[in-house]
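*Asks:* This structure is in C-alpha cells; I'll ask about it shortly.
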Amino acid sequence: MRTALTVAGSDSVGGAGIQADVKAMAVLGVHAASVITAITAQNTRGVSGILPVSEEFVKSQLEAVLRDCDVKAVKTGMLYSADIAETVVDILEDHEMPLVVDPVMISGTGYDLAQDDLVKTLKRDVIPMCELVTTNRHEAEVLSGMKIQNKDDLMFACEVIGKTGSSVYIKGGHFNTPTVVDYLYLSSEFTKFEYPRLKKSGHGSGCVLSSFITASLAKGIDIMNAVVKSRELIQDSIATQYQIGKGDLVVNPMVKLKGDSDRSAVLGALDSATSRILDIVPDELVPKSGMNIAMAMKDAAGPEEIAAVDKRMSVHNGIIRRNGQIKFGAAENLSYILLTVMKHDPSMRCIMSIAYSPDTMYVMQDIGLNVVVAEMSRDRPTESTEAALSKSKRIPDAIVDKGGRKERIIRLLAKDTKDMLGKLEQLL
Numbered sequence: 068m069r070t071a072l073t074v075a076g077s078d079s080v081g082g083a084g085i086q087a088d089v090k091a092m093a094v095l096g097v098h099a100a101s102v103i104t105a106i107t108a109q110n111t112r113g114v115s116g117i118l119p120v121s122e123e124f125v126k127s128q129l130e131a132v133l134r135d136c137d138v139k140a141v142k143t144g145m146l147y148s149a150d151i152a153e154t155v156v157d158i159l160e161d162h163e164m165p166l167v168v169d170p171v172m173i174s175g176t177g178y179d180l181a182q183d184d185l186v187k188t189l190k191r192d193v194i195p196m197c198e199l200v201t202t203n204r205h206e207a208e209v210l211s212g213m214k215i216q217n218k219d220d221l222m223f224a225c226e227v228i229g230k231t232g233s234s235v236y237i238k239g240g241h242f243n244t245p246t247v248v249d250y251l252y253l254s255s256e257f258t259k260f261e262y263p264r265l266k267k268s269g270h271g272s273g274c275v276l277s278s279f280i281t282a283s284l285a286k287g288i289d290i291m292n293a294v295v296k297s298r299e300l301i302q303d304s305i306a307t308q309y310q311i312g313k314g315d316l317v318v319n320p321m322v323k324l325k326g327d328s329d330r331s332a333v334l335g336a337l338d339s340a341t342s343r344i345l346d347i348v349p350d351e352l353v354p355k356s357g358m359n360i361a362m363a364m365k366d367a368a369g370p371e372e373i374a375a376v377d378k379r380m381s382v383h384n385g386i387i388r389r390n391g392q393i394k395f396g397a398a399e400n401l402s403y404i405l406l407t408v409m410k411h412d413p414s415m416r417c418i419m420s421i422a423y424s425p426d427t428m429y430v431m432q433d434i435g436l437n438v439v440v441a442e443m444s445r446d447r448p449t450e451s452t453e454a455a456l457s458k459s460k461r462i463p464d465a466i467v468d469k470g471g472r473k474e475r476i477i478r479l480l481a482k483d484t485k486d487m488l489g490k491l492e493q494l495l
C-alpha cells in the first residue's frame with residue numbers, strides 16, 4: 068500500500084488536523100503516517116488551548132517515519148511556529164517527494180493556530196520547496212501581503228505566492244459569490260473550478276481537501292488530476308457533513324464518490340497496474356526507448372482522454388522504474404493507435420508497449436494470442452493501425468512492428484488493465 072505523511076496538529080474533537088488527515092487518506096486507499104506538531108484542546112465551538120511539541124521531538128518523529136517507510140507524498144498542516152517549520156524543512160529537503168502545504172493560521176472558529184513568526188518562515192523556506200499550496204482567502208492575503216477583492220487580485224496573489232515555482236490553489240468558499248469558484252495556478256496557467264455553494268463548510272474542510280490531494284499524489288497522480296479528483300470529493304464531504312457537538316458541523320472525511328468518475332477510475336487502475344508491472348516484468352521486455360501502458364476513458368475522443376505514464380518506464384542500473392506520474396495525454400503515439408482500435412471495438416481500452424524478441428513471438432503464438440505483423444509508422448499511427456487491423460478478422464491481441472531501421476515494438480491490446488496483466492503474466 069502507498070504511504071503518505073501528514074505533519075500537523077492534533078484535534079481533540081477529531082474533525083480536523085491529524086485525525087481528519089488520516090481518515091481522508093484512507094478513503095483513497097493510502098496509509099497515513101503522521102508527525103504531530105502540536106496538541107490542541109478544542110471542540111466544535113472553539114479552541115481552548117495549544118501545547119506545541121518540541122522541535123527535537125518533531126525531528127525524532129520525522130526521522131523515525133522517513134527512516135523506515137517509503138513515503139510517496141507529504142502534507143503540512145498546522146506547523147504553529149517558525150522553529151517547528153524550520154525543523155521540518157531541514158529534514159524534508161533531503162528527501163525527494165511531493166510536498167503539499169496547507170498554511171493553517173486560524174481555526175474555523177477564529178482562534179490563532181500560528182505564532183507571529185511562522186508566516187515569514189512559510190514564505191522564505193517552506194513554500195519554495197513545495198509542489199502545491201492550498202489556501203483560503205485569508206491565508207492567501209497573508210502570504211501575498213495584499214487584499215484580495217476581485218478575480219484580478221486573486222490571480223496576482225497566486226503569482227506572488229507561487230513566484231518560487233510552487234503551484235497555488237485558492238479556495239473560493241470565503242468569497243461572496245453565488246457559486247464557489249476556486250482557482251489553480253499551475254505552470255503559469257490558471258484553471259477555474261466552479262461548484263454550487265452548499266451550506267457553510269464545517270470543521271476540517273481545509274485539512275481534508277489537502278489530504279485528498281496528498282493521497283492522490285502519493286498514488287502517482289499528477290497535480291491537475293489530483294486537484295480535480297479531490298475537489299469532487301470535498302464537495303461531497305461538505306454536502307454530507309454531520310453534527311457531533313454543539314457548534315460547527317464536521318466535514319465528512321470518509322466520503323467516497325458514488326461510483327468514482329471514469330477519469331479517476333482510469334488513473335487508479337493504471338497506478339495499480341504499473342506497480343504490478345514493475346514487480347514482474349524482466350529487463351528484456353523493456354524497449355530501449357522505454358515501456359508504457361495506456362488506458363482510455365469510455366468513449367475517449369482524443370489523447371487527452373487517454374492516460375499513461377509520463378516519460379515511460381525504463382531500466383536504470385538493472386531496475387525498472389517509472390519516470391513520471393500517470394497523467395492524461397502522456398503517450399500520444401500509443402493513444403492514436405488505441406483510438407483507432409477503439410473505433411472497431413470500443414471495449415478494447417488498454418494498450419502496452421514491450422520489446423520485440425523472437426522468443427516473445429513464439430510464446431505469444433504458443434499460448435494462442437492473435438498476433439498481426441505490420442509496418443507501424445510513428446508519423447502516421449492511425450493509418451498504420453488501420454492497415455494492421457485489416458490483416459485480422461477480429462481485433463488482435465498484439466500488433467508487432469515489422470521493424471526496418473527503427474526498434475521493433477510489440478503493442479499488446481486488452482479490454483482493461485486486469486485483462487492486460489493477465490496476458491502479460493501468460494507471456495512470462
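Position 51, counted from 1, in the sequence shown is what our numbering calls 118; the numbers after and before it change by one each time, with no gaps.
C-beta: ideal position from N, C-alpha, C; glycine also.
Please report the straight-line C-alpha distance between K325 and E442, rounded to a whole angstrom.
*Replies:* Translated into positions along the sequence shown, residue 325 becomes position 258. Translated into positions along the sequence shown, residue 442 becomes position 375. Interpretation of K325 is limited by its pLDDT of 46, a score under 50 that renders its predicted location unreliable; the figure taken from the coordinates is listed afterwards. Answer to the nearest angstrom: the Cα atoms are 44 Å apart.
*Asks:* At which residue ranges does the stretch 363-408 contain complete beta strand (DSSP E) runs of 3 or more residues, listed in the order of the chain?
*Replies:* Listed in chain order, the complete beta strand (DSSP E) runs (minimum 3 residues) inside the stretch 363-408 are 373-376, 380-383, 386-389 and 393-395.
*Asks:* On the three-pair Cβ rule with 8 Å, is the stretch 388-398 touching the stretch 443-462?
*Replies:* No, they do not touch.
*Asks:* Output the distance between the C-alpha atoms of N437 and L95, rounded to the nearest integer angstrom.
*Replies:* In the sequence shown, residue 437 corresponds to position 370, counting from 1. In the sequence shown, residue 95 corresponds to position 28, counting from 1. If I take the Cα positions, the gap works out to 37 Å.
*Asks:* Report the three-state DSSP secondary structure of I477 (helix, strand or coil).
*Replies:* The count along the sequence shown starts at 1 and reaches residue 477 at position 410. Of the three classes helix, strand and coil, the one that applies to I477 here is strand, per DSSP.
*Asks:* Rounded to whole angstroms, what's the CA-CA distance from I344 to I288? Just pull it up for me.
*Replies:* Working through the sequence shown from its first residue, we reach residue 344 at position 277. Working through the sequence shown from its first residue, we reach residue 288 at position 221. Cα to Cα, the separation comes out at about 17 Å.
*Asks:* Can you tell me where the alpha helix (DSSP H) with L284 in it begins and where it stops?
*Replies:* Translated into positions along the sequence shown, residue 284 becomes position 217. Its alpha helix (DSSP H) spans residues S272 to A285.
*Asks:* In three-state DSSP terms, what is F242?
*Replies:* For the purposes of this step, residue 242 is taken as the residue at position 175 of the sequence shown. F242: coil per DSSP, three-state reduction.
*Asks:* Return helix, strand or coil for S101, following the three-state DSSP convention.
*Replies:* Here residue 101 refers to the residue found at position 34 of the sequence shown. Strand at S101.
*Asks:* Cα separation between D315 and K190?
*Replies:* Here residue 315 corresponds to residue number 248 of the sequence shown, with the count starting at 1. Here residue 190 corresponds to residue number 123 of the sequence shown, with the count starting at 1. Roughly 31 Å between the two C-alpha positions.
*Asks:* Taking only three categories from DSSP, how would you classify S254?
*Replies:* Position 187 of the sequence shown, counting from 1, holds the residue named residue 254. Residue state, collapsed to three classes: coil.
*Asks:* Under a Cβ-count criterion, where at least 16 other Cβ atoms within 10 Å of its own Cβ denotes burial, should S77 be classed as buried or exposed?
*Replies:* Working through the sequence shown from its first residue, we reach residue 77 at position 10. Counting Cβ neighbours within 10 Å, S77 comes out buried, since at least 16 surround it.
*Asks:* Please return the same chain residues whose Cβ sits closer than 7 Å to the Cβ of D150, not counting the five positions on each side in sequence.
*Replies:* In the sequence shown, residue 150 corresponds to position 83, counting from 1. Answer for D150: E122, listed in chain order.
*Asks:* At a cut of 8 Å, does the stretch 275-295 reach the stretch 102-111 through at least three beta carbon pairs?
*Replies:* Contact between the stretch 275-295 and the stretch 102-111 is absent, because fewer than three Cβ pairs lie under 8 Å.
*Asks:* Given 8 Å as the limit, is there contact between the stretch 412-425 and the stretch 342-361, that is, 3 or more CB pairs closer than that?
*Replies:* Segments in contact, yes.
*Asks:* Excluding the 5 residues preceding and the 5 following D249 in the sequence, name in chain order all residues of the same chain whose CB lies nearer than 6 Å to its CB.
*Replies:* Your numbering for residue 249 matches position 182 in the sequence shown. Result list for D249: K238, G239 and F260, in chain order.
*Asks:* Buried or exposed: where does Q432 fall if 16 or more other Cβ atoms within 10 Å of its Cβ makes it buried?
*Replies:* Within the sequence shown, numbered from 1, the residue matching residue 432 stands at position 365. Label assigned to Q432: exposed.
*Asks:* Which residues in the same chain have their Cβ closer than 8 Å to the Cβ of T70, if we skip the five residues on either side of it in sequence?
*Replies:* One-based indexing of the sequence shown puts residue 70 at position 3. So the qualifying residues of the chain are V97, H98, A99, A100, C136, D137, V138, K139 and A285.
*Asks:* With the cut-off set at 8 Å, would you say I103 and I117 are in Cβ contact?
*Replies:* By one-based count along the sequence shown, residue 103 stands at place 36. By one-based count along the sequence shown, residue 117 stands at place 50. No, the pair does not count as a contact, with Cβ atoms beyond the cut-off.
*Asks:* Could one say the Cβ of I103 lies closer than 8 Å to chain C's Cβ atoms, at least one of them?
*Replies:* Given the protein chain composition of this structure (a single chain), no chain C is represented.
*Asks:* For the alpha helix (DSSP H) that contains M428, what are its first and last residues?
*Replies:* Locating residue 428 in the sequence shown gives position 361, where the first residue counts as 1. Its alpha helix (DSSP H) spans residues P425 to D433.
*Asks:* Could you tell me whether the stretch 258-272 touches the stretch 220-230, where touching means 3 or more Cβ pairs closer than 8 Å?
*Replies:* Verdict: no, contact absent.
*Asks:* One question on the structure: do I194 and T231 come within less than 8 Å of each other, judged by their Cβ atoms?
*Replies:* Counting from 1 along the sequence shown, the entry for residue 194 is found at position 127. Counting from 1 along the sequence shown, the entry for residue 231 is found at position 164. Closer than 8 Å, so yes.
*Asks:* Exposed or buried, R134, counting other C-beta atoms within 10 Å across all chains shown (16 or more means buried)?
*Replies:* Locating residue 134 in the sequence shown gives position 67, where the first residue counts as 1. With fewer than 16 other Cβ atoms within 10 Å, it is exposed.
*Asks:* Apart from the five residues just before and just after E492, which ones in its own chain have a Cβ nearer than 8 Å to its Cβ?
*Replies:* Here the question's residue 492 lines up with position 425 in the sequence shown. Taken in chain order, the residues that qualify are I347.
*Asks:* Please say whether P370 and G335 have beta carbons closer to each other than 8 Å?
*Replies:* Within the sequence shown, the letter at position 268 stands for residue 335. Within the sequence shown, the letter at position 303 stands for residue 370. Result no, Cβ atoms of G335 and P370 do not sit closer than 8 Å.
*Asks:* Quick check for students: name the residue ranges of the beta strand (DSSP E) that lie wholly in the stretch 136-190, counting only runs of 3 or more.
*Replies:* Counting whole runs of 3 or more residues, the stretch 136-190 contains the beta strand (DSSP E) stretches 138-143 and 166-168.
*Asks:* On a Cα-Cα basis, can you pick out the residue from R204, P165, S211 and M164 that is closest to K187?
*Replies:* Along the sequence shown, one-based indexing puts residue 187 at 120. Ranking the options by Cα distance to K187, first place goes to S211.
*Asks:* Fully enclosed by the stretch 69-131, which alpha helix (DSSP H) runs are 4 residues long or longer?
*Replies:* The stretch 69-131 contains these whole alpha helix (DSSP H) runs: 84-94.
*Asks:* Residue range of the alpha helix (DSSP H) that T201 falls in?
*Replies:* Here residue 201 refers to the residue found at position 134 of the sequence shown. Not the alpha helix (DSSP H): T201 falls in the beta strand (DSSP E), residues L199 to T202.
*Asks:* Using 8 Å as the cut-off, can you tell me whether the stretch 151-169 makes contact with the stretch 267-285, which would need three or more C-beta pairs spanning the two stretches below that distance?
*Replies:* Yes, the stretch 151-169 is in contact with the stretch 267-285.
*Asks:* Give the DSSP bridge partners of N359, in chain order.
*Replies:* Position 292 of the sequence shown, counting from 1, holds the residue named residue 359. Its beta-bridge partners are S420.
*Asks:* Kindly indicate the opening and closing residues of the beta strand (DSSP E) around V439.
*Replies:* Here residue 439 is taken as the residue at index 372 of the sequence shown, counted from 1. Here the beta strand (DSSP E) through V439 covers V438 to A441.
*Asks:* Would you list the residues sitting across from D338 in a DSSP beta bridge?
*Replies:* Numbered from its first residue, the sequence shown carries residue 338 at position 271. Per DSSP, none; premise fails for D338.
*Asks:* Measure the CB-CB distance between D366 and P413 and report whether it falls below 8 Å.
*Replies:* Here the question's residue 366 lines up with position 299 in the sequence shown. Here the question's residue 413 lines up with position 346 in the sequence shown. In contact: D366 and P413 (Cβ atoms closer than 8 Å).
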